[in-house]
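Trainee: One line per chain: the protein sequences are Y and F, in this order. Residues in the first sequence are numbered from 4 upward in steps of one, following my numbering. Residues in the second sequence are numbered from 42 upward in steps of one, following my numbering. Pasting in a structure now, in structure tokens, and then I'll have a few things to ask.
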Amino acid sequence: MKFIELKNVNKTYSTGVTAIADMSVVIDKGEFVFVIGHTACGKSTFIKMLYREEKPTKGSVVVGGVNVAKLRNGRVYKLRRKIGVVFQDFKLLPKLTVYENVAFALECLGISSKEIKPKVLKAIEIVGLKEKARSFPHQLSGGEKQRVCIARAIVNEPKLLICDEPTGNLDPDTSKEIMKVIDNINKDLKTTVIMATHDKEIVNRMKKRVLLIEHGVLTGDYLKGSYKSHEGV
Amino acid sequence: MKAFRIIQRSIRDAFKSVFRNFSLSMASILCATITLLVVSLSMVIAANIENATTKLESELSIVVYLEKSATEEDANFLKSTIEKIESVDEVVYKNKDEWKLEMSEYNSSLGNVFENYENNPLLDSFVVTVKDANKLENVTEKIRELDKIESANYGEDAVNTIISTFDIVEKATIVIVIALIFVTAFLITNTIKLTIYSRRNEIEIMRLVGSSNTAIKLPFVFEGFIIGLLGSLIPVIITIYGYIIGYERLNGHIISEMIKLISPYNFVFYVALVTVGLGSLIGMLGSLLAVRKYLKI
């Protein structure tokens, strides 16, 4: 069942740089897709267009039945409630505990503290940080920080989890653990996952669908397990 | 219910954030304190200058002497004619006998001089006050055109100089106060911008988890309000107590009895209210402007 559909999408920045050129792709509900490519190939622009951080210059980007390209600015926040985003640099609030960082995402939406508590505890448990709920970010390792970031992204039970280089700052062992957490979310919660990465090792090992972007053009769409890193990136 | 919770949370977070980011909040509060102190003092000074000049101007008058041949009837007619001239505030008749008495009381040798005259050598007169000192010359001209008028004078050159000087002083103080308000707004806005810059991650997370722009702006607007309010406390206290004490020490006037200070009640409370209003308004607007920068969709 189609969940994301890009049709003839172009994105040219005001500087004249074309980041995405005539891209068309369909991603089904519950899929796990890697987006790979060299630095500045257009991966981030592709990902940002999904949560309307960037608007396509041409074409349509449909996410969960909503054409994001035509979405009015005042309605963008509704789309984002259905999407969780995980960043390379975690973006945790240093003065809040693990629990508070995760709860923050729900508090912003005006959800009552009664509803917040069980949801936050569940999200923290999924990422395996139950014991560290009261710790502050500076007391956590890089991997743990990324787990908090993932917990915050999934606490609102989004339909889509977008990960922008989530293992970029982590060592290989920690990266493996993080990938396991994300894979479990995809399998157990049936959340569609789209992940931009540079990490060939992860892509090879996970055997998921891979989208290869080169100079803004989608040059390869490899189905589960058919991608090998020597073929491109 | 959700909207209510968002407002409640915004107020709670605004207070929390002022204390959590204490050093930056203090910087903003101190900046507001110093600038608002300058603004409130300048408002006090400007209002007193305005008050003093208006009062002095209102005391400027035209002295009109009637011809010797003018009868009481003529005087009554002239009085009502002058009263009808535009901008005339009051016309007070003073006959020559009153003048004689007043001058004799003022200086006894003058009294002796008057004794030498069989008839009172002085003239009957009017003291004319005008509503607007700038109209003195115009009104004087019109009075001079009337019959049975010997002379009409208001001090001409000296008074003209005083009026134009007062005009310049009044305008300059208003310009200074407005300029200071702008400087205050600029400085407070910029220090608040620094506070918000340090929290751009917070704003980004709020955006990405799906907070509406209004929900993102609210806590910052409340925070700006608190900063402005706290920043205006010291200026308000200094203005109220400083002015009341100063007024009592100076016995309500400055330099000479002619320059009277504005009575402190309710004047200081108005100034305090404007200072608090300015502080909180600038705080809110400053925060709003600063947050907007990070609110690209």
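We put the beta carbon where it would ideally sit given N, CA and C, even for glycine. Predicted, not measured: the structure shown is a model, and the values here were computed from it.
May I ask you to report which of helix, strand or coil DSSP gives F:L107?
Mentor: Sequence index remark: in the second sequence, residue 107 of chain F carries index 66 (1-based). It is a strand residue.
Trainee: Inspect the CB distances between the stretch 39-48 of chain Y and the stretch 197-209 of chain Y and report whether three or more fall short of 8 Å.
Mentor: Output reads yes: the stretch 197-209 of chain Y touches the stretch 39-48 of chain Y.
Trainee: Exposed or buried, what is F:L291 when buried is set at 16 or more other beta-carbons lying within 10 Å of its beta-carbon?
Mentor: Here residue 291 of chain F refers to the residue found at position 250 when the second sequence is read from its first residue. When all chains shown are included, F:L291 counts as exposed.
Trainee: Compare the C-beta of F:L271 against all C-beta atoms of chain Y and say whether one is closer than 8 Å.
Mentor: Reading the second sequence from its first residue, position 230 is the one you call residue 271 of chain F. For F:L271, the answer is no, since every Cβ of chain Y falls outside 8 Å of its Cβ.
Trainee: Mapping DSSP to helix, strand and coil, what is Y:G87?
Mentor: Reading the first sequence from its first residue, position 84 is the one you call residue 87 of chain Y. In this structure, Y:G87 counts as strand in the three-state DSSP scheme.
Trainee: Along the chain, where does the alpha helix (DSSP H) that runs through F:N89 open and close?
Mentor: If you number the second sequence from 1, residue 89 of chain F lands on position 48. Looking at the DSSP string, the run of the alpha helix (DSSP H) that includes F:N89 is 63-100.
Trainee: Within its chain, find whatever has a CB closer than 8 Å to the CB of Y:K162; leave out the 5 residues flanking it on each side and keep chain order.
Mentor: Numbered from its first residue, the first sequence carries residue 162 of chain Y at position 159. F6, K32, G67, K85, I86, T194, T195.
Trainee: Tell me the DSSP secondary structure of Y:H218 in three-state form.
Mentor: Indexing the first sequence from 1 puts residue 218 of chain Y at position 215. If DSSP states are grouped into helix, strand and coil, Y:H218 belongs with coil.
Trainee: I'd like to check one pair, Y:K14 with Y:E57: are the Cβ atoms closer than 8 Å?
Mentor: Translated into the one-based positions of the first sequence, residue 57 of chain Y becomes position 54. Translated into the one-based positions of the first sequence, residue 14 of chain Y becomes position 11. In this structure, Y:K14 lies closer than 8 Å to Y:E57 by Cβ.
Trainee: Between F:V180 and F:V171, how many whole angstroms is the CB-CB distance? I'm expecting something under 8 Å.
Mentor: For this step, residue 180 of chain F is matched to residue 139 along the second sequence. For this step, residue 171 of chain F is matched to residue 130 along the second sequence. F:V180 to F:V171, Cβ: 5 Å. Contact.
Trainee: According to DSSP, is Y:D224 part of a helix, a strand, or is it coil?
Mentor: Within the first sequence, the letter at position 221 stands for residue 224 of chain Y. DSSP places Y:D224 in strand when its eight states are reduced to three.
Trainee: With 9 Å as the C-beta to C-beta threshold (strictly closer), list the residues of the stretch 50-66 of chain Y near chain F in chain order.
Mentor: If the cut-off is 9 Å between Cβ atoms, the stretch 50-66 of chain Y has Y54, R55, E56, K58 near chain F.
Trainee: Under the three-state reduction of DSSP, which class applies to Y:M198: helix, strand or coil?
Mentor: On the first sequence, residue 198 of chain Y is found 195 positions in, with the first residue counted as 1. Reduced to three states, the DSSP call for Y:M198 is strand.
Trainee: The beta strand (DSSP E) spanning Y:M26 covers which residue range?
Mentor: Your numbering for residue 26 of chain Y matches position 23 in the first sequence. Segment 21-31, the beta strand (DSSP E) holding Y:M26.
Trainee: Along the chain, which unbroken stretches of the alpha helix (DSSP H) at least 4 residues long are found entirely within the stretch 175-235 of chain F?
Mentor: Runs of the alpha helix (DSSP H) inside the stretch 175-235 of chain F: 177-185.
Trainee: What did DSSP end up calling F:D130 once you bin it into helix, strand or coil?
Mentor: Taking the first residue of the second sequence as 1, we reach residue 130 of chain F at position 89. If DSSP states are grouped into helix, strand and coil, F:D130 belongs with the strands.
Trainee: Of all the options F:S128, F:V59, F:Y106, F:S304, which has the alpha carbon lying nearest to the alpha carbon of F:K176?
Mentor: Looking up residue 176 of chain F in the second sequence gives position 135. Ranking F:S128, F:V59, F:Y106, F:S304 by Cα distance to F:K176 puts F:S128 first.
Trainee: Hey, quick one: how far does the beta strand (DSSP E) through Y:E8 stretch, first residue to last?
Mentor: Position 5 of the first sequence holds residue 8 of chain Y. It spans 5-15 - the beta strand (DSSP E) in which Y:E8 sits, taken as one unbroken run.
Trainee: F:V332 and F:F261: beta carbons closer than 8 Å?
Mentor: The sequence position of residue 332 of chain F within the second sequence is 291, counting from 1. The sequence position of residue 261 of chain F within the second sequence is 220, counting from 1. Their beta carbons are under 8 Å apart, which means F:V332 touches F:F261 by this criterion.
Trainee: Give me the DSSP bridge partner(s) of F:F339.
Mentor: Absent from the structure is residue 339 of chain F, since the part of chain F shown begins at 42 and ends at 338.
Trainee: Whether or not the stretch 147-156 of chain Y and the stretch 67-78 of chain Y are in contact is what I'm after, with contact meaning three or more pairs of Cβ atoms, one per stretch, closer than 8 Å; do they touch?
Mentor: Verdict: no, contact absent.
Trainee: Is there a Cβ of chain F sitting closer than 8 Å to that of Y:E118, yes or no?
Mentor: As a working note, residue 118 of chain Y is residue 115 in the first sequence. No, its Cβ sits nowhere closer than 8 Å to a Cβ of chain F.
Trainee: At a CB-CB cut-off below 7 Å, which residues of chain F make contact with Y:C111?
Mentor: If you number the first sequence from 1, residue 111 of chain Y lands on position 108. Result: M247, V250, S252, A256.
Trainee: Could you check what DSSP says for Y:F35 in three-state terms: helix, strand or coil?
Mentor: Here residue 35 of chain Y corresponds to residue number 32 of the first sequence, with the count starting at 1. Reduced to three states, the DSSP call for Y:F35 is strand.
Trainee: I want to verify the contact list: residues of chain F whose CB lies under 7 Å from the CB of Y:S115, in sequence order.
Mentor: Counting from one through the first sequence, the residue named residue 115 of chain Y turns up at place 112. Residues of chain F passing the Cβ test: R46.
Trainee: Determine, for F:N307, whether the minimum Cβ-Cβ distance to residues of chain Y falls below 8 Å.
Mentor: As a first step, residue 307 of chain F must be located in the second sequence, where it is residue number 266. Chain Y, which has no Cβ nearer than 8 Å to the Cβ of F:N307, makes this no.
Trainee: Would you mind sorting F:T202 into buried or exposed? The rule is 16 or more other CB atoms within 10 Å of its CB.
Mentor: One-based indexing of the second sequence puts residue 202 of chain F at position 161. Result: exposed.
Trainee: How about F:R50: is its C-beta nearer than 8 Å to some C-beta of chain Y?
Mentor: On the second sequence, position 9 is the one that residue 50 of chain F refers to. Chain Y, which has a Cβ nearer than 8 Å to the Cβ of F:R50, makes this yes.
Trainee: Tell whether a beta-carbon distance below 8 Å holds between F:I275 and F:I233.
Mentor: Here residue 275 of chain F refers to the residue found at position 234 of the second sequence. Here residue 233 of chain F refers to the residue found at position 192 of the second sequence. In this structure, F:I233 does not lie closer than 8 Å to F:I275 by Cβ.
Trainee: For the beta strand (DSSP E) holding Y:C166, just list the boundary residues, first then last.
Mentor: Start at 1 with the first residue of the first sequence, and residue 166 of chain Y comes out as number 163. Segment 163-167, the beta strand (DSSP E) holding Y:C166.
Trainee: Can F:K189 and F:A87 be called in contact, C-beta distance under 8 Å?
Mentor: Locating residue 189 of chain F in the second sequence gives position 148, where the first residue counts as 1. Locating residue 87 of chain F in the second sequence gives position 46, where the first residue counts as 1. Not in contact: F:K189 and F:A87 (Cβ atoms no closer than 8 Å).
Trainee: Identify every residue that forms a DSSP beta bridge with F:V309.
Mentor: Within the second sequence, the letter at position 268 stands for residue 309 of chain F. BP columns for F:V309 are empty, so no partner.
Trainee: What would DSSP say about F:K57, mapped onto helix, strand or coil?
Mentor: Position 16 of the second sequence, counting from 1, holds the residue named residue 57 of chain F. If DSSP states are grouped into helix, strand and coil, F:K57 belongs with the helices.
Trainee: Would you kindly work out how many angstroms separate the C-alpha atoms of F:D339 and F:R185, rounded to a whole number?
Mentor: Residue numbering for chain F in the displayed model covers 42 to 338; residue 339 of chain F lies beyond these limits and cannot be assessed.
Trainee: Per DSSP, what kind of secondary structure is Y:G62 in: helix, strand or coil?
Mentor: Taking the first residue of the first sequence as position 1, residue 62 of chain Y is located at position 59. Of the three classes helix, strand and coil, the one that applies to Y:G62 here is strand, per DSSP.
Trainee: Of all the CB atoms in chain F, is at least one closer than 8 Å to the CB of Y:R208?
Mentor: As a first step, residue 208 of chain Y is located in the first sequence; it is residue number 205 there, counting from the start. So, not an interface residue.
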